[in-house]
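Taken in order, these protein sequences are the chains called H and C. In terms of our numbering, the first sequence opens at residue 1 and continues consecutively. In terms of our numbering, the second sequence opens at residue 1001 and continues consecutively. Note that beta-carbon positions come from the ideal geometry of N, C-alpha and C, so glycine has one too. Predicted, not measured: the structure shown is a model, and the values here were computed from it.
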Amino acid sequence: MDHQVSQNPAALCSRIEDLEQQLRLSDQGVSRLAERCLALEQQVLRSEEKLAAHSGCTETGGLHLPQLFYDTGTGFSPRECLTVPEEVYDELSHEVSAVFELPADARALRLDPGELACCLTGLEISDERIRFRPVNGTPLRDGCLLFLDPDPNLLLECPTGFSKGMKFAVTYQYYPLGNFLREQPGKALLEALDVLKKQQQDIERVYAEELQSLRAQREQDRLAYDAALESMTHSSSWRLTAPLRALRSIFRGRG
Amino acid sequence: MYSSYSSLQRKQLTTQTYTDTQSTYLLVYAPRRRSALARALENQLHRKFRLVDRLEGELTDSVEGVLLVSEDVECTSTTLTYFAAALREGADLVVCDAVFGFEGSTALYLSTQHLPGMRCAMVSRTLLDRCRAEARGKDNINELLHLANRLAEHCCRVPQALLHFRRELCAGDVFSAAGKRAVVMTHELTMTGAPIVLVSAIPVLRQLGYEVVVLGPSDEGSLPLFLDAGAAVVTRRDCVTSSSLWELATSADFVLANTVVEAPAVDTLNGAFVPVLWWLHDAFAGYPFISHKIPKTLEDNVRVCAVGSHATAAMHSVRPQFAIDQLIYGLPDYAQESFPPYDLRYAGGRPLFVSVGSLEVRKGPDILCQAIRLLPPEVREKASFLIVGKNADKDMMHAVEDLVEDFPQNVFYRKRLERPEIKSLMQQCACVVCASRDDPMPTFVTEGLIFGKPAIVSEHTGTAGLVTEGVDGFVYREDDPRQLARVLEHAILHPGQLAAMSADCRRLYEKHYSNQAYVATLTRLVEEMTQPKK
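#1: With distance defined between alpha-carbon atoms, name the residue in C/R1054, C/L1245, C/Y1334, C/V1356 nearest to C/K1423.
#2: Can you tell me which of C/F1385, C/P1408, C/R1524, C/D1366 puts its alpha carbon nearest to the alpha carbon of C/K1394?
#3: Which residues share a DSSP beta bridge with C/E1074?
#4: Please report the straight-line C-alpha distance between C/L1248 and C/C1075, rounded to a whole angstrom.
#5: Which whole-angstrom value is the C-beta distance of C/A1455 and C/S1309, which I expect to be below 8 Å?
#6: Can you have a look at H/N8 and say buried or exposed, based on whether 16 or more other CB atoms are within 10 angstroms of its CB?
#7: Going along the segment 6-24 of chain H in order, which residues come within less than 9 Å of chain C, judged by CB to CB distance?
#8: Can you tell me whether C/T1297 is buried or exposed, with buried defined as 16 or more other CB within 10 angstroms of its CB?
#9: Whole angstroms are fine: how far does the CA of C/T1190 sit from the CA of C/L1223?
#10: Kindly say whether C/T1446, judged by its beta-carbon, lies nearer than 8 Å to any beta-carbon of chain H.
#11: Decide if the segment 1364-1379 of chain C is in contact with the segment 1324-1342 of chain C; the criterion is three or more beta carbon pairs, one per stretch, under 8 Å apart.
#12: Okay, do the segment 1045-1053 of chain C and the segment 1005-1017 of chain C touch, 3+ Cβ pairs below 8 Å being the bar?
#13: Of the choices C/C1156, C/R1236, C/D1061, whose alpha-carbon is the least far from that of C/V1099?
#14: Using the C-alpha atoms, what's the distance from C/G1286 back to H/I125?
#15: For chain H, is any of its Cβ atoms less than 8 Å away from the one on C/Y1082?
#16: To the nearest angstrom, how far is the alpha carbon of C/T1106 from that of C/G1221?
#17: Shortest alpha-carbon distance to C/R1167 belongs to which of C/R1157, C/R1132, C/F1102?
#18: Would you decide whether C/V1432 is buried or exposed? Buried here means 16 or more other CB atoms lie within 10 Å of its CB.
#19: Have a look at C/E1381, C/H1114, C/C1096 and flag the residue whose alpha-carbon is nearest the alpha-carbon of C/A1121.
#20: Is there at least one Cβ from chain C nearer than 8 Å to H/A261's Cβ?
#21: Ends of the alpha helix (DSSP H) at H/W238?
#22: Contact criterion: CB-CB distance below 8 Å. Does C/Q1022 meet it with respect to chain H?
#23: Classify H/E59 as buried or exposed, calling it buried when 16 or more other Cβ atoms lie within 10 Å of its own Cβ.
#24: How many angstroms separate the CA atom of C/V1069 from the CA atom of C/L1128?
#25: Which residues, taken in chain order from the segment 1241-1260 of chain C, show a beta carbon closer than 9 Å to some beta carbon of chain H?
#26: Please identify the residue among C/G1462, C/H1512, C/K1453 whose C-alpha is closest to the C-alpha of C/A1491.
#27: C/R1380 and C/I1372 - do their beta-carbons sit closer together than 8 Å?
#28: Can you pull the chain H residues whose beta carbon is under 8 Å from the beta carbon of C/R1047, in chain order?
#29: Would H/D202 count as contacting chain C if we go by Cβ distances under 8 Å?
#30: Helix, strand or coil for C/V1214 per DSSP?
#31: Work out the CA separation of C/G1349 and C/V1471 for me, nearest whole Å.
#32: Please state whether the Cβ-Cβ distance between H/R133 and H/E157 is less than 8 Å.
#33: Do the segment 97-115 of chain H and the segment 68-84 of chain H touch if we need at least three Cβ pairs shorter than 8 Å?
#34: What in chain C is Cβ-close to H/S97, meaning under 7 Å?
#35: Determine, using beta carbons only, whether C/D1576 comes closer than 8 Å to chain H.
#36: Starting from C/T1235, follow the beta strand (DSSP E) in both directions and report where the run begins and ends.
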């Protein structure tokens, strides 16, 4: 490239035109590259989208979502289970809000809030007749439920039964414990809980034994009392005084 | 690079087309923190730009536009391309939509009629020169943005979320510092009744001097209607259940919460200082899943209104103590419009009784079918019946199909009619029939009233609460086909009475359903709630 600037005006104009032409060509080249970059970027995004959709289907997608099992008479089974779309769970706020409609009359309902050990808070069911009872969870304070089992579930109970078409919303905050339980703090927490559980069981056992012994003692007392009563009612003096007791009851009745 | 895009940005980017803007020379003026911006600019497809932290000495003659950036922000690779393209098309101020939050899960859609709190905007060289001439500070970025907003003559909004602010959205992003603020909360932005009706509230609020921001979950069709009406729209998937954006409402001067689904938000705002108008459109069917979220008592700042007696009764079924005003949405006066006539020769020239609505249990097409069957044959032959609505329930569809098959001469079914056809149908029919079991305010009945057509309605409709029996309509009870049949028989045998009711029907529309009536009622409610108490 010639970097020397000519002092001749005609040559200068020609040089300017030349540079402008080069600039235009350069812009065109950049533009083509940019267009290609955008196409590639879009291709990458589409591939990532497909990949995400695929892994969403195969990996943890459903682990955070509730399922409602309804028993129509053959027990709880995956065949009689209502699922919900992914949008019902918000990872950021931990909010779950799902609506279920029973496709058939059911004799029992079981709600699985997810497929991970978890903590639930603020569990509410829109139909005020329905009550819930954790099957393998521990109620903590302030309406918090702790499930250390990887298959947490609650039984739902309704005094009027569960009929076809019954529709209700379930809302709660879902905090999966996930890998936490496999890491050191989680393990320590589990061990601490185990110790507490054992202590609780020991206390329960002591109380149970004490209760058992008290019951046995009471039973012995009762038997002794029955024997004493029977011997009294079969005694000669009791039989001899029977007319007197009969007379007394007649007079009392008249009085 | 792509991994930092939000899902909305990714979705939009995959459909964007390339525009060659390489010959447009731009400056990016970012005098404050800008490390994320600098990284994002490395990947810009538009290459002819310079990132500067001062304008003095950098603003050469060939600079055609300057992107003013007041805080650090990430942007997509096409940002400068879109801005440069808009400048080329004659815009002097260009803004774009944005996403907020670490994941970008909150989206802000701007309306060109409402551009408060701009953090980033492209200005043309001409506009920038005017702004600099008027500015008191020396190239103060906020002042330049403020002046650009005020002085712009050709503002352009790029309908793409090109910017990503990693912080959460705040009131300053959607409201100006001094304006009156209104937040409108909706649980859906679909093309269904409640959101569409809500759009009509935006011009009223703007007329009252409010800057309006709509908060909804995601665009499902009606979002552009709100933008066109002059409101900015903020979307976040969990906006109904999560309180993360409700603080926008606490920074507002007025809140309009639409439908009973907003109960959690109303519960949170109950007792706050901001006035909340809770507008109910819901049928009884909408309550079982939300009733536990409805506050037991309402404080003075919350006022409830409903679109008629049926929506009122639905709320009273769970909260009988609530005082509920009436706010019935307005429909335009179609009778003043011109539209092509809908050919009704197939109806045989007999008086036509029309029912419009999807074929589902709640809408009661089976009741209407049963009533038509119960009519004495000699009466039935004197009228024609047209049922319009898409199939939404197999059994209901069968009921209609069987009826049409049994009486092909005078019972007709159409799956769908276009809007002009509906208007013409209402103009030509003798009477409309609404057999709904649970319907807050059937729109087609109101459309009939616009043309002075009397309606036969079930007591379980909002219209029933406004009709005067025999004057501007008829009401039948208990979802009973026999009662409906008796009213139909009376109407068929007294065509003169139907025709004579026309003026009263029209008056009913003008009193309760006209746009003027709606605007007046909403204005009164807003003013009553926002005026300082004496």
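By the coordinates alone:
#1: C/Y1334
#2: C/D1366
#3: For C/E1074, which the question treats as bridged, DSSP gives the partners C/H1164.
#4: 25 Å
#5: Contact doesn't hold; Cβ gap of about 15 Å is too wide.
#6: With fewer than 16 Cβ atoms within 10 Å of its Cβ, H/N8 is classed as exposed.
#7: L23, R24
#8: Exposed, by the Cβ-count rule.
#9: 8 Å
#10: no
#11: no
#12: Touching, no.
#13: C/R1236
#14: The alpha-carbon atoms of H/I125 and C/G1286 are separated by roughly 15 Å.
#15: no
#16: 18 Å
#17: C/F1102
#18: buried
#19: C/C1096
#20: Nothing about residue 261 of chain H can be read from this structure; chain H reaches only from 1 to 255.
#21: Unbroken alpha helix (DSSP H) run through H/W238: 236-240.
#22: Interface residue, yes.
#23: Low confidence applies here, because H/E59 scores a pLDDT of 48, under 50, leaving its location unreliable; read the following figure in that light. Per the 10 Å Cβ criterion, exposed.
#24: C/V1069 and C/L1128 have their alpha carbons spaced roughly 13 Å apart.
#25: So the close ones are T1241, S1242, S1243, S1244.
#26: C/K1453
#27: yes
#28: By Cβ distance, chain H contributes V30, A34.
#29: Cβ-Cβ to chain C under 8 Å: no for H/D202.
#30: strand
#31: 25 Å
#32: yes
#33: In short, these stretches touch, since the Cβ pair count reaches three.
#34: T1241
#35: Chain C is shown from 1001 up to 1534; residue 1576 of chain C falls before or after that span and cannot be answered.
#36: 1232-1235
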